[in-house]
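**Student:** For reference, the structure I am asking about is given below.
Number of protein chains: 2
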Amino acid sequence: MDRRQRKTRKAIFDAFTDLLKKKSYARITVQDIIDGADVGRTTFYAHFETKDDLLTSLCADIFEHVFSEDLGKEKTHDFSVEHDTGAMITHILYHLQEHMEYLPGILSGQSGEIFMTSFKEHLKDLFSHSCRSPGVPVPQDYMMNHMVCDFAETVRWWSQNPGYTPEEISSFFLRTTPLFESP
Amino acid sequence: MDRRQRKTRKAIFDAFTDLLKKKSYARITVQDIIDGADVGRTTFYAHFETKDDLLTSLCADIFEHVFSEDLGKEKTHDFSVEHDTGAMITHILYHLQEHMEYLPGILSGQSGEIFMTSFKEHLKDLFSHSCRSPGVPVPQDYMMNHMVCDFAETVRWWSQNPGYTPEEISSFFLRTTPLFESP
DNA sequence: TATGATACCAAACACGATGTTCGGTTTGAT
DNA sequence: ATCAAACCGAACATCGTGTTTGGTATCATA
Numbered sequence: 093m094d095r096r097q098r099k100t101r102k103a104i105f106d107a108f109t110d111l112l113k114k115k116s117y118a119r120i121t122v123q124d125i126i127d128g129a130d131v132g133r134t135t136f137y138a139h140f141e142t143k144d145d146l147l148t149s150l151c152a153d154i155f156e157h158v159f160s161e162d163l164g165k166e167k168t169h170d171f172s173v174e175h176d177t178g179a180m181i182t183h184i185l186y187h188l189q190e191h192m193e194y195l196p197g198i199l200s201g202q203s204g205e206i207f208m209t210s211f212k213e214h215l216k217d218l219f220s221h222s223c224r225s226p227g228v229p230v231p232q233d234y235m236m237n238h239m240v241c242d243f244a245e246t247v248r249w250w251s252q253n254p255g256y257t258p259e260e261i262s263s264f265f266l267r268t269t270p271l272f273e274s275p
Numbered sequence: 093m094d095r096r097q098r099k100t101r102k103a104i105f106d107a108f109t110d111l112l113k114k115k116s117y118a119r120i121t122v123q124d125i126i127d128g129a130d131v132g133r134t135t136f137y138a139h140f141e142t143k144d145d146l147l148t149s150l151c152a153d154i155f156e157h158v159f160s161e162d163l164g165k166e167k168t169h170d171f172s173v174e175h176d177t178g179a180m181i182t183h184i185l186y187h188l189q190e191h192m193e194y195l196p197g198i199l200s201g202q203s204g205e206i207f208m209t210s211f212k213e214h215l216k217d218l219f220s221h222s223c224r225s226p227g228v229p230v231p232q233d234y235m236m237n238h239m240v241c242d243f244a245e246t247v248r249w250w251s252q253n254p255g256y257t258p259e260e261i262s263s264f265f266l267r268t269t270p271l272f273e274s275p
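Protein chains in written order, with my numbering: chain H, 93 to 275; chain D, 93 to 275.
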């Protein structure tokens with residue numbers, strides 16, 4: 093990877109996220125992006141196969157950040173408590189908060205699905221050991237889907253109702269989805 | 093409204109739902125629809141402003157059926173118990189079942205949002221008197237959104253995991269979302 | 001049976017967005 | 001100085017949308 097390549101790639105990402113703060117994904121054209129990034133059309137398609145590919149890459153970047161592996165040893169946030177599920181939730185919300193400006197632009201239509209599909213995959217991994225069997229005949233897969241969707245929809249709600257702290261949102265989630273085991 | 097008009101409209105709806113059983117909404121073109129309905133392009137646009145308009149109309153038809161007002165006095169289904177929330181849920185699921193074949197084709201991408209937005213509006217009306225305050229500081233709006241999304245996602249899950257009865261699905265939902273008041 | 005309104009049809013069109021191809025230019029390492 | 005890479009913009013083919021045009025079928029009424 094060249095230095096120029098990285099620079100161009102960053103310019104495209106920046107223009108893209110900038111646009112997402114104003115318009116929804118569906119209303120953004122490739123022309124908008126290359127105008128904003130001041131980049132040739134050919135160059136854009138040299139970096140990304142399609143507009144969806146760009147979005148997928150952006151989501152990958154976001155999730156790499158949000159689900160970074162320093163969950164327990166985190167110092168920047170105000171929990172030095174044990175690494176329990178609640179703290180994990182709060183941690184993720186803190187990281188997500190940094191992307192809140194342009195999240196509403198993604199979380200609708202086809203783009204919302206691209207984001208959510210990947211998001212839910214990550215959440216499944218995360219929840220796989222926190223999901224307790226309800227002791228009643230409910231399929232495990234339903235259970236997992238239920239928790240994952242609850243959290244994803246909580247994030248969507250947050251993006252439409254900003255002004256709450258990650259701790260508050262975490263509290264809302266845990267109180268309405270009391271499905272976790274304490275470790 | 094002419095008799096011819098109704099016939100044409102029905103032909104378009106039928107072709108549309110037929111296509112939805114095979115392809116997702118996003119992959120269906122207007123050309124596909126008018127070919128399937130054996131109808132001229134001009135005629136299609138005389139009936140519906142856009143493809144989205146057709147979908148919106150279809151959703152309206154579905155919900156008119158699903159949320160029909162005979163909730164309490166229903167005899168065809170096997171609950172003659174009191175008109176409580178559980179029975180209401182089961183009733184809705186019974187009606188939704190009749191549209192299950194083509195629901196997966198709708199419940200993704202932009203079309204999923206069109207469906208879900210309208211669906212959630214109906215559910216809000218329905219749940220507005222069944223939603224109990226959790227006795228803890230969780231915003232009422234969050235609460236309502238939580239319940240509505242839970243049910244909507246349950247339906248989505250059902251559409252991807254067919255083979256369960258409405259009673260089973262209702263039970264899954266009520267056990268994982270214990271937020272209702274008994275009347 | 002003649003007439004006129006209304007629905008219908010096919011074909012062609014303008015438009016907007018996508019993704020590709022072309023020849024030429026800049027950058028930066030050797 | 002050279003050479004490969006990344007870049008540029010302009011033109012292009014393609015596809016789907018929604019509109020326009022001019023003509024045909026249906027059906028009620030006179």
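Virtual Cβ for every residue (Gly too), placed ideally from N, Cα, C. None of the values given here were measured: they were computed from a predicted structure.
Taking all protein chains shown into account, do 16 or more other C-beta atoms lie within 10 angstroms of the C-beta of D/Glu245, making it buried, or fewer, making it exposed?
**Tutor:** Reading the second sequence from its first residue, position 153 is the one you call residue 245 of chain D. Counting every other CB atom within 10 Å of its CB across the protein chains shown gives D/Glu245 a total of 16 or more, marking it as buried.
**Student:** For D/Glu245, would you say it is in contact with chain H, using Cβ-to-Cβ distances shorter than 7 angstroms as the test?
**Tutor:** Residue mapping note: residue 245 of chain D aligns to position 153 of the second sequence, counting from 1. Interface residue, yes.
**Student:** Using 10 angstroms around the beta-carbon of D/Ile258, count the other beta-carbons present and answer buried if the total reaches 16, otherwise exposed.
**Tutor:** Against the second sequence, residue 258 of chain D aligns to sequence position 166. First, the amino acid is wrong: residue 258 of chain D is Pro here, not Ile. It counts as buried.
**Student:** Run through DSSP, which three-state label would D/Ser220 get?
**Tutor:** By one-based count along the second sequence, residue 220 of chain D stands at place 128. Coil, per DSSP.
**Student:** Quick one: what's got a C-beta closer than 7 angstroms to D/Val173's C-beta in the same chain, skipping five residues either side?
**Tutor:** Along the second sequence, one-based indexing puts residue 173 of chain D at 81. Note that D/Val173 has pLDDT 43, beneath the 50 cutoff, so the model's placement of it is unreliable and no number is given.
**Student:** Comparing C-alpha positions only, which one of D/Asp176, D/Tyr194, D/Asp94 sits nearest to D/Ala107?
**Tutor:** Indexing the second sequence from 1 puts residue 107 of chain D at position 15. Comparing Cα-Cα distances from D/Ala107 to each of D/Asp176, D/Tyr194, D/Asp94, the minimum goes to D/Tyr194.
**Student:** On the CB-based measure, 16 or more other CB atoms within 10 Å of its CB, does D/Ala138 come out buried or exposed?
**Tutor:** Locating residue 138 of chain D in the second sequence gives position 46, where the first residue counts as 1. So D/Ala138 counts as exposed.
**Student:** Below 6 angstroms CB to CB, which residues in the same chain sit around H/Ala129 once its five sequence neighbours on both sides are set aside?
**Tutor:** As a first step, residue 129 of chain H is located in the first sequence; it is residue number 37 there, counting from the start. Contacts found: Ala103, Ile104, Ala107.
**Student:** With 16 as the cutoff for other CB atoms within 10 Å, does H/Pro254 come out buried or exposed?
**Tutor:** Counted from its first residue, the first sequence places residue 254 of chain H at position 162. Counting Cβ neighbours within 10 Å, H/Pro254 comes out exposed, since fewer than 16 surround it.
**Student:** Could you check the C-alpha separation between H/Arg95 and D/Glu190 for me, to the nearest Å?
**Tutor:** By one-based count along the first sequence, residue 95 of chain H stands at place 3. By one-based count along the second sequence, residue 190 of chain D stands at place 98. Their backbone Cα atoms lie some 57 angstroms apart in a straight line.
**Student:** With a threshold of 7 angstroms between beta carbons, is D/Thr268 in contact with chain H?
**Tutor:** Working through the second sequence from its first residue, we reach residue 268 of chain D at position 176. Taking Cβ atoms only, chain H reaches closer than 7 angstroms to D/Thr268, which makes this a yes.
**Student:** Should H/His238 be flagged as near chain D, meaning a C-beta pair shorter than 7 angstroms?
**Tutor:** Translated into positions along the first sequence, residue 238 of chain H becomes position 146. Judged by the 7 angstroms Cβ criterion, H/His238 is in contact with chain D.
**Student:** So, are the CB atoms of D/Ser203 and D/Leu147 less than 7 angstroms apart?
**Tutor:** Your numbering for residue 203 of chain D matches position 111 in the second sequence. Your numbering for residue 147 of chain D matches position 55 in the second sequence. Yes, the pair counts as a contact, with Cβ atoms nearer than the cut-off.
**Student:** Hey, could you find the ends of the alpha helix (DSSP H) H/Ser116 is sitting in?
**Tutor:** Within the first sequence, the letter at position 24 stands for residue 116 of chain H. Counting along the chain, H/Ser116 falls outside any alpha helix (DSSP H), and DSSP gives it neither H nor E.
**Student:** Looking at H/Val240 and H/Glu216, is the spacing between their C-beta atoms short of 7 angstroms?
**Tutor:** Taking the first residue of the first sequence as position 1, residue 216 of chain H is located at position 124. Taking the first residue of the first sequence as position 1, residue 240 of chain H is located at position 148. The question names Glu, yet the displayed sequence has Lys at residue 216 of chain H. Against a cut-off of 7 angstroms, the Cβ pair of H/Val240 and H/Lys216 comes out as a contact.
**Student:** Looking at chain H, is there any beta carbon in it that lies within less than 7 angstroms of the beta carbon of D/Tyr117?
**Tutor:** Position 25 of the second sequence, counting from 1, holds the residue named residue 117 of chain D. Output row for D/Tyr117: interface = no.
**Student:** Can you check whether the C-beta of D/Gln97 is within less than 7 angstroms of a C-beta belonging to chain H?
**Tutor:** Against the second sequence, residue 97 of chain D aligns to sequence position 5. Closer than 7 angstroms: no.
**Student:** Within a Cβ cutoff of 7 angstroms, which residues of the same chain sit near D/Val158, ignoring the five residues on either side of it in sequence?
**Tutor:** Against the second sequence, residue 158 of chain D aligns to sequence position 66. Excluding positions up to five away in sequence, the list reads Ile184, His187, Leu188.
**Student:** Once the 5 residues before and after H/Ile120 are set aside, which same chain residues still bring their CB inside 6 angstroms of it?
**Tutor:** Along the first sequence, read from residue 1 onward, the residue named residue 120 of chain H stands at position 28. Result list for H/Ile120: Leu111, in chain order.
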